[in-house]
Amino acid sequence: MYYENTYRVGARDVDPFNQCRPSSMMDFLQEAATEAAVEFHVSREEMVARYHVFWMLARIWYRLDRPVCWDERVTIRTWHRGSRGASMYRDFDLLMDGKPIGEAVSVWVLADLDTHKLFRLGNVREFDDTSGGALCKEKLLPRLKVPVPLVPAQARALHYSDTDVNGHVNNVRYADFACDALEMQRLGQGRFVSSVQIGYLKECRAGETIRLSTGCENGIWYVQGDGEEGKPRFDAALTMSPLDKP
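Quick note, the sequence shown lines up with residues 13 to 258 if you use the working numbering.
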């Protein structure tokens, strides 16, 4: 079973190059996942009411064959792979005018509302017989390994405007942090972000400061955000492609 919806890229979603920002693309993916959860009766509100747990995104990756620009419409088709263990994979296909332009994979967990202890998804009967079946992708998202030393780039204070309903920094904001640390206004000229992977290692909240470091190897740009205690809060890997060739 799958869920499908179409999203318009608005003026607030694009960057100075008229391309959909990675954070906005991730927002569309997260919106599709949220709508799918509502459709199949596993929304945040329903999970809190029935099991006292809430959804947390652990990792996400997407790739694009071409840039997505202002006023274009992207159709996102999404499904989950099943509910074994403490995590669940959710896959996505991205289409434009019925033709594929990219794909995405994400890993989600359910955590207790009070203790944040992970909850086994096999206990949620609503997932029975609702996976994507033959649509399911094989790509896995292990924790990102950064192969190069990283260089300090900037410190980022976190504020109210970064947070969401769970009280911590919204998932999509980390893509903005990564792009800002890489100075995408300079790096992105004549190119587009063709793939992004982000790992969420520990929650960040308003009032905290994270220190961002960057590095590059074999055309992959890496970003890591460390908390004031010196431990990683998130990591990211981005690739860029020439505008005429993904």
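Don't be surprised by glycine CBs; every beta carbon is placed ideally from N, CA and C.
Proximal residues to M108 (C-beta, below 8 Å), its chain only, five neighbours per side dropped: In the sequence shown, counting from the first residue as 1, residue 108 sits at position 96. Result list for M108: V80, E84, R85, V86, T87, in chain order.
DSSP three-state assignment for T127, whether helix, strand or coil: As a position in the sequence shown, residue 127 is number 115, starting the count at 1. It is coil, neither helix nor strand.
Quick check: the region 220-233 against the region 155-174, are at least 3 beta-carbon pairs closer than 8 Å? Touching, yes, given that three or more Cβ pairs across the two stretches are closer than 8 Å.
T226: buried (16+ other C-beta within 10 angstroms of its C-beta) or exposed? Against the sequence shown, residue 226 aligns to sequence position 214. Classification for T226: buried.
Out of E138, G239, A218, which has the shortest C-alpha to C-alpha gap to Y172? By one-based count along the sequence shown, residue 172 stands at place 160. Nearest Cα to Y172 within the set E138, G239, A218: A218.
Using a 10 Å radius around the Cβ and a threshold of 16 neighbouring Cβ atoms, would you call G179 buried or exposed? The count along the sequence shown starts at 1 and reaches residue 179 at position 167. It counts as exposed.
Could you check how far apart the C-beta atoms of A98 and V65 are, in whole angstroms? I think they sit under 8 Å. As a first step, residue 98 is located in the sequence shown; it is residue number 86 there, counting from the start. As a first step, residue 65 is located in the sequence shown; it is residue number 53 there, counting from the start. In this structure, A98 and V65 do not form a Cβ contact; the two beta carbons are roughly 11 Å apart against a cut-off of 8 Å.
Could you give the residue range of the beta strand (DSSP E) that holds M196? Position 184 of the sequence shown, counted from the first residue, corresponds to residue 196. Careful: M196 lies outside any beta strand (DSSP E), inside the alpha helix (DSSP H) at 196-199.
How many angstroms separate the CA atom of A249 from the CA atom of H53? Numbered from its first residue, the sequence shown carries residue 249 at position 237. Numbered from its first residue, the sequence shown carries residue 53 at position 41. C-alpha separation (whole angstroms): 33 Å.
Counting only runs that start and end within the region 113-179, where is the beta strand (DSSP E) found for 3 or more residues in a row? The region 113-179 contains these whole beta strand (DSSP E) runs: 163-169.
Reduced DSSP category for P258 - H, G, I as helix; E, B as strand; rest coil: Mapped onto the sequence shown, residue 258 falls at position 246. Note that P258 scores 48 on pLDDT, short of 50, meaning its location in the model is unreliable and no value can be drawn from it.
Taking Cβ to Cβ, would you say L152 is nearer than 8 Å to S118? Indexing the sequence shown from 1 puts residue 152 at position 140. Indexing the sequence shown from 1 puts residue 118 at position 106. No; because the gap between Cβ atoms is not below 8 Å, this pair is not in contact.
C-beta contact flag for R203 and L255 at 8 Å: Taking the sequence shown and counting its residues from 1, one reaches residue 203 at position 191. Taking the sequence shown and counting its residues from 1, one reaches residue 255 at position 243. It is a contact, given that the beta carbons lie within the stated cut-off.
Whole-angstrom distance between P154 and Q166, CA atom to CA atom: Looking up residue 166 in the sequence shown gives position 154. Looking up residue 154 in the sequence shown gives position 142. Here the alpha carbons of P154 and Q166 stand approximately 27 Å from one another.
Using the C-alpha atoms, what's the distance from M13 back to A49? Counting from 1 along the sequence shown, the entry for residue 49 is found at position 37. Counting from 1 along the sequence shown, the entry for residue 13 is found at position 1. Rounded to whole angstroms, A49 to M13 spans 12 Å at the Cα level.
Less than 8 Å between C-beta atoms, sequence neighbours within five positions excluded: which residues of the same chain meet that for T175? What you label residue 175 is simply residue 163 of the sequence shown in a count that begins at 1. Excluding residues up to 5 positions away in sequence, V181, N182, R217, A218 lie with their Cβ nearer than 8 Å to the Cβ of T175 in the same chain.
Bridge partner(s) assigned by DSSP for T18: Along the sequence shown, one-based indexing puts residue 18 at 6. Answer is T87.
Please state whether DSSP places L213 in a helix, a strand or coil. Within the sequence shown, the letter at position 201 stands for residue 213. The three-state reading of DSSP puts L213 in coil, since its state is none of H, G, I, E or B.
Classify G114: buried if its beta carbon has 16 or more other beta carbons within 10 angstroms, exposed otherwise. Locating residue 114 in the sequence shown gives position 102, counting from the first residue. Classification of G114: buried, given that the 10 Å Cβ count is 16 or more.
So the beta strand (DSSP E) E229 belongs to, where does it begin and stop? Your numbering for residue 229 matches position 217 in the sequence shown. Run containing E229: 221-229, per the beta strand (DSSP E) assignment.
Of the listed residues R62, D77, A193, Q236, nearest to F131 (C-alpha basis): For the purposes of this step, residue 131 is taken as residue 119 along the sequence shown, with counting starting at 1. Of the candidates R62, D77, A193, Q236, the one whose C-alpha sits nearest the C-alpha of F131 is R62.
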